[in-house]
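Numbering (the working numbering), first residue to last: 5 to 197.
Read the structure below first, then the notes.
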């Protein structure tokens, strides 16, 4: 891919949103992406075709449904885009600045830090989950909001496993409840998808 072409593709709103939507849903189809990026189906399929040409996404067919998902290269590009967004905004979400995938796996995070992170993440997820329970919000909308928290939950679980400190029961209960809320919303994607 030439640099000029890459800039034309990825410094535009719709392709970036499409790539982030695929990352969020993990495995989806073009009509969902079309809705996510507020585009036409023809334009979305053109974007996805270009992404496939450059090894960012791959398609698979199951019955009459054609699914799209990120390739390994696509995940790397999404990480770079997320880093760009973070750099522009100036901070990582939910205080995960010091826990990245490539960090030393033996880094010990103290129980107070873990407790605070669980509290912040629990508040965010329960607020989004409340949209379904209390307001009857559209599941697609709620899934888009809650899906990106998957990585944060996994980072917390890893931090707890690596921590040399004992984690209090209240924090562990909140983490378990948070995982249940997340799973309940994301399972709806399987039923409706």
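Glycine included, every Cβ here is placed at the ideal spot set by N, Cα and C.
Just mark residue i as buried or exposed, buried being the case when its beta carbon has 16 or more other beta carbons within 10 Å.
i, result
"residue 45", "exposed"
"residue 182", "buried"
"residue 191", "exposed"
"residue 121", "buried"
"residue 76", "exposed"
"residue 187", "exposed"
"residue 88", "exposed"
"residue 22", "buried"
"residue 127", "exposed"
"residue 29", "buried"
"residue 64", "exposed"
So who's on the other strand from residue i, going by DSSP bridges?
i, result
"residue 62", "73"
Assuming residue i and residue j make a contact with CB atoms under 8 Å, what is their CB distance in whole Å?
i, j, result
"residue 81", "residue 26", "Actually they are not in contact, since the Cβ atoms of residue 81 and residue 26 sit about 11 Å apart, beyond 8 Å."
"residue 17", "residue 148", "16 Å between Cβ atoms; not a contact."
"residue 146", "residue 132", "6 Å"
"residue 164", "residue 118", "6 Å"
Quiz item: How about the region 48–58 and the region 112–126: do they share at least three Cβ pairs that are nearer than 8 Å?
Solution: Because the criterion of three Cβ pairs below 8 Å is not met, the region 48–58 and the region 112–126 do not touch.
Quiz item: What runs of the alpha helix (DSSP H), each 4 residues or longer, lie entirely inside the region 15–52?
Solution: 17–29, 34–41
Practice problem: Report yes or no: do the region 66–76 and the region 28–36 share at least 3 C-beta pairs separated by less than 8 Å? | Solution: yes
Exercise. For the region 130–178, list the beta strand (DSSP E) runs that are entirely contained and at least 3 residues long, ordered along the chain.
Key: none
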